[in-house]
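Under our numbering, the first residue of the sequence shown carries the number 236, and numbering increases by one thereafter.
These notes are about the structure you will find just below.
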Amino acid sequence: MFTTMKKTNFLQKTLLLVAMIGWAVTANAQRYETDHGRVYFGSELVVNADVRSFEDLGCGYAKDRNNVYMMGRVLVNVDPRYFRLKERSVWSRHNGEQPVQNRGYYKTKWNVYFGDRKLDAMPSTFKELGGGYAKDAFNVYYYGDKVEGAVASSFKYTRDGYAEDAFDAYYRGRKLK
C-alpha cells in the first residue's frame, strides 16, 4: 500500500508540474489576434490599431497603415511603410562559435536598428555590405557594433568575415595587426 501511495503521489506531482509548465509557456506565448474589429496582443487591446491593414510580423512585432507595434505597444516615430524585419542565423562574437538568432539590420525613414537596438546611423546613407557588416556615410558596423577606426567611404566586405578599407584589414569587426 505504501508503494502505491508513493506512485500516486509521484504521478500527481508530475501532472501538476506538467500543467504548470504548460500554463507558463502559454502565458508567455502571446500573439496578436483580431476579434470583432479589434486587435489584441495576448489579452490586451491594441488601442487605435487598424484591423483591416493589420499585419502580424512575428516575434512580437506588427504593423498597420498607421503604426508599428512591438509587444502591443506603438513604436514612436517608426514609419510602417519602411519598417521590415528579417530573420537570420548569425555567428555571435559574444558566444564564441555558437549560432544565435538575431534580427539583423533594418531601417525606417528616421532610424536604423540592429535587432531591437537603435544605432547611431544615418538611414539615408545606410547600407548592408554582407557578412554582418554595414555602413553609413560616417561609420561602419559589425552586427550592430561600431567598428572603431574604420573608414566608411572606402570600407568594403571581402568575404568569410574579412573586410577592408583604404588603410586596414578587418576580421569579424576587429582590426587586424
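Ideal Cβ positions, reconstructed from N, Cα and C, are used throughout, including at glycine.
Taking M357 as the reference, give the member of G295, G365, A369, G350 with the closest Cα. A369
Does the distance from the CB of D400 to the CB of A385 come in under 9 Å? yes
In angstroms, rounded to a whole number, what distance separates the CA positions of S278 and F402? 55 Å
Is it buried or exposed, K362, if we count other Cβ atoms within 10 angstroms and call 16 or more buried? exposed
In or out: Q276 buried (at least 16 other Cβ within 10 Å) or exposed? According to the sequence shown, residue 276 is Phe rather than Gln. Looking at its Cβ environment, which holds 16 or more other Cβ atoms inside 10 Å, F276 is buried.
If you measure between the beta carbons of A297 and V281, is that distance less than 9 Å? yes
Spatial neighbours of V375 within its chain, please: CB distance less than 6 Å, with the 5 preceding and 5 following residues excluded, ordered by chain position. V382, A385, A387, F390
Could you give the distance in angstroms between the alpha-carbon of Y397 and the alpha-carbon of R319? 27 Å
What separation, rounded to the nearest whole angstrom, lies between the Cα atoms of A404 and K410? 6 Å
Any chain C beta carbon closer than 9 Å to L364: In the structure shown, chain C cannot be found, because there is only a single protein chain.
In this structure, how does DSSP classify A369 when only helix, strand and coil are distinguished? strand
Cβ neighbours of Y227 in the same chain (closer than 6 Å, five flanking residues each side left out): Only positions 236 to 412 of the chain appear in the structure, and residue 227 is not among them; the question remains open.
Assuming the contact rule is C-beta atoms closer than 8 Å, D371 and T343 should be a hit. Round their C-beta distance to whole Å, please. That belief does not hold up - the Cβ atoms of D371 and T343 are roughly 14 Å apart, past 8 Å.
Where does G387 sit, in a helix, a strand or coil, going by DSSP? Checking the displayed sequence, the identity of residue 387 turns out to be Ala instead of Gly. Of the three classes helix, strand and coil, the one that applies to A387 here is helix, per DSSP.
Do you know offhand how far V347's Cα is from Y392's? 19 Å
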